[in-house]
DNA sequence: ACCGTTCTCAACCAGACGGTTGACAAGGAC
DNA sequence: GTCCTTGTCAACCGTCTGGTTGAGAACGGT
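Residue numbers (the numbering used here), protein chains in the order written: chain A, 2 to 118; chain B, 2 to 118.
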């Protein structure tokens, strides 16, 4: 799991990390602030942040003892691009399938995809 | 990891499964066809398909021995909605931050976020 | 100098994940 | 019927993951 996109999706697969992203959209936060709503140790939260950080979704600052967490929103573009690509492709496919089904009324080929249900 | 969204993100965290989704956008496929490009057993592919299926991203048909796999594109909407929500929220935040920074020129408060780099 | 706060690192543990092999069900083809 | 193809189920295995606890680093307050 070395590629960026995999890391981003994996990071977002955990509800706590999704919550944290949501929280960070409102503004930067410290580890303690991020940990507060959950019944887990700060160490666990620290680990979650490492996951988000290694996915490039978050950067860490320094303010005395505190390590403010900052959301890097650019990664959203990466996902959006991936999703959009295949969504569009899938939609095209449906249009092509319609065309195929239409032409099948006359040509009547052998077996064809789209037999499901 | 019981909720739909988590399952979808987790499913997409694996490059092989992302590839399969890409392949399925072109058209339905059998397990063997999906397994062919990879150096893994058909059983492994079968497992990947179970993951995609339990995430609601794929349905299985029946054509004699074959079990054609069909992509359910609707789940993309779910992800897109989640991502868009927070992306927009993040953008708003930046605008608000700009406003704050602008007003700081006159008020000069104590500490403020955005100290990083 | 000492204490308290904030946070990370290291070790450990149970469970999930991704892969394997082996057995077998389901359904044409002959 | 018997064989071959297609695919699933079950058991096993090594690794990753998400959590814990304990120790300690970094820094401000007094």
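The beta-carbon is built from N, C-alpha and C at its ideal position, and this holds for glycine as well.
Asked                                                                                                           : Found
Alpha helix (DSSP H) segments (min. 4 residues) lying fully within the stretch 54–79 of chain A                 : none
Between the CA atoms of residue 88 (chain A) and residue 74 (chain B) - distance to the nearest angstrom        : 7 Å
Contacting residues, own chain, Cβ-Cβ under 8 Å from residue 58 (chain B) (five flanking each side not counted) : 9, 12, 22, 72, 73 and 76
Local Cβ density within 10 Å of residue 2 (chain A), reported as buried at 16 or more and exposed below that    : exposed
Whole-angstrom distance between residue 47 (chain A) and residue 45 (chain B), CA atom to CA atom               : 33 Å
CB contact check: residue 92 (chain A) to chain B, cutoff 9 Å                                                   : yes
Buried or exposed by the 16-neighbour rule on C-beta atoms within 10 Å, applied to residue 116 (chain A)        : With a pLDDT of only 37 at residue 116 (chain A), under the threshold of 50, the placement of this residue in the model should not be trusted; the figure read from the coordinates follows. So residue 116 (chain A) ends up on the exposed side.
Minimum C-alpha distance to residue 60 (chain B) - residue among B:66, B:30, B:86 and B:85                      : B:30
9 Å Cβ cutoff, residue 40 (chain B) in contact with chain A                                                     : no
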